[in-house]
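Working notes, beginning with the structure itself.
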Amino acid sequence: MHRHHGTLRLFIKIISLVLIGVAAYIALRYGLAHPRSGDTSPVGTSTSTVTTATSTQSPPTTPDLSWEHGMTVITQKNDHSIVSLFKNERFVIQLGTDVNWKFSFDPVDGITRVPNTTTANGIQGIYEANKIGTTTLRATGSPICTPGAACPTFVLTTTITFVTK
Numbered sequence: 005m006h007r008h009h010g011t012l013r014l015f016i017k018i019i020s021l022v023l024i025g026v027a028a029y030i031a032l033r034y035g036l037a038h039p040r041s042g043d044t045s046p047v048g049t050s051t052s053t054v055t056t057a058t059s060t061q062s063p064p065t066t067p068d069l070s071w072e073h074g075m076t077v078i079t080q081k082n083d084h085s086i087v088s089l090f091k092n093e094r095f096v097i098q099l100g101t102d103v104n105w106k107f108s109f110d111p112v113d114g115i116t117r118v119p120n121t122t123t124a125n126g127i128q129g130i131y132e133a134n135k136i137g138t139t140t141l142r143a144t145g146s147p148i149c150t151p152g153a154a155c156p157t158f159v160l161t162t163t164i165t166f167v168t169k
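No gaps in the numbering here: position 118 of the sequence shown is 122 in this note's numbering, and each next residue is one more.
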């Protein structure tokens with residue numbers, strides 16, 4: 005009886021290690037396990053902590069054309085956060101290149117993308133706060149799949165609230 009119990013334990017340990025290895029491979033292969041500096045939460049988890057990102061810019065009278073000068077950068081770390089902006093302030097959305105991102109803003113005219121802005125290096129573009137008030141960004145990321153190849157089925161979601169003054 006003890007021999008079968010030990011064999012069962014060994015079998016369970018082997019299966020557990022195989023499953024962990026498969027999960028790690030999938031996470032690394034599809035870019036889900038890129039640790040972020042200072043991020044201690046497990047990959048794929050979401051927290052309900054609300055943080056506030058405040059712009060360090062002065063209220064612009066006309067839109068700033070150079071995003072290198074202190075422009076707010078929105079990343080996945082801003083998920084479930086409130087970001088304060090000034091009217092006409094521009095900011096960068098940089099959610100990464102691991103998935104295909106689609107954005108919806110509510111209301112649609114509260115924030116708009118600045119035409120002809122970069123989408124290189126994981127940057128989805130430069131956006132501008134057009135109206136005073138609250139605008140919600142809902143970003144949905146789906147896997148990047150090669151036609152004819154197996155493709156994982158998952159969706160990443162990011163929700164960010166912008167308050168424009």
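The beta-carbon is built from N, C-alpha and C at its ideal position, and this holds for glycine as well.
| request: With a threshold of 16 other CB atoms inside 10 Å of the CB of residue 94, please say whether the residue is buried or exposed. | output: So residue 94 counts as buried.
| message | Less than 6 Å between C-beta atoms, sequence neighbours within five positions excluded: which residues of the same chain meet that for residue 135? | response | Hits under 6 Å: 114.
| message | So, with DSSP's three-state summary, where would you put residue 127? | response | DSSP places residue 127 in coil when its eight states are reduced to three.
| said: Just to confirm the assignment, what range does the beta strand (DSSP E) spanning residue 77 have? | reply: Segment 76-78, the beta strand (DSSP E) holding residue 77.
| Nearest neighbour of residue 155, chosen from 162, 146, 138 and 112 [CA to CA] | Its Cα nearest to that of residue 155, the residue 146 stands out among 162, 146, 138 and 112.
| request: Measure the beta-carbon distance from residue 90 to residue 168 and round it to whole angstroms, keeping in mind my assumption that it falls under 8 Å. | output: The distance from the Cβ of residue 90 to that of residue 168 is about 7 Å, consistent with a contact at the 8 Å cut-off.
| query | With DSSP run on the structure shown, which of helix, strand or coil describes residue 135? | reply | In the three-state DSSP reduction, residue 135 falls in the coil class, being neither helix nor strand.
| said: Beta-carbon within less than 7 Å of residue 101's beta-carbon, same chain only, minus the 5 sequence neighbours each way: which residues are those? | reply: Excluding five sequence positions before and after residue 101, the CB atoms of its chain that fall closer than 7 Å to its own CB belong to 126, given in chain order.
| query | residue 132 to residue 140, Cα distance in whole Å? | reply | Spanning the two alpha carbons is a distance of roughly 13 Å.
| task | Would you mind sorting residue 12 into buried or exposed? The rule is 16 or more other CB atoms within 10 Å of its CB. | result | Looking at its Cβ environment, which holds fewer than 16 other Cβ atoms inside 10 Å, residue 12 is exposed.
| query | Nearest CA to the CA of residue 142: which residue from 109, 92 and 78? | reply | If we check each option's Cα against that of residue 142, 109 comes out closest.
| task | Quick one: using the 10 Å Cβ neighbour count with 16 as the cut-off for buried, is residue 112 buried or exposed? | result | Residue 112 should be labelled exposed.
| query | Whole-angstrom Cβ separation of residue 78 and residue 96, contact assumed at under 8 Å? | reply | So it is a contact: roughly 7 Å between Cβ atoms.
| task | Give me whichever residues DSSP pairs with residue 158 in a beta bridge. | result | DSSP lists no partner for residue 158.
| said: Since residue 150 and residue 83 should fall inside the 8 Å C-beta cutoff, what is the C-beta to C-beta distance between them, to a whole number of angstroms? | reply: About 28 Å separates the two Cβ atoms, so there is no contact after all.
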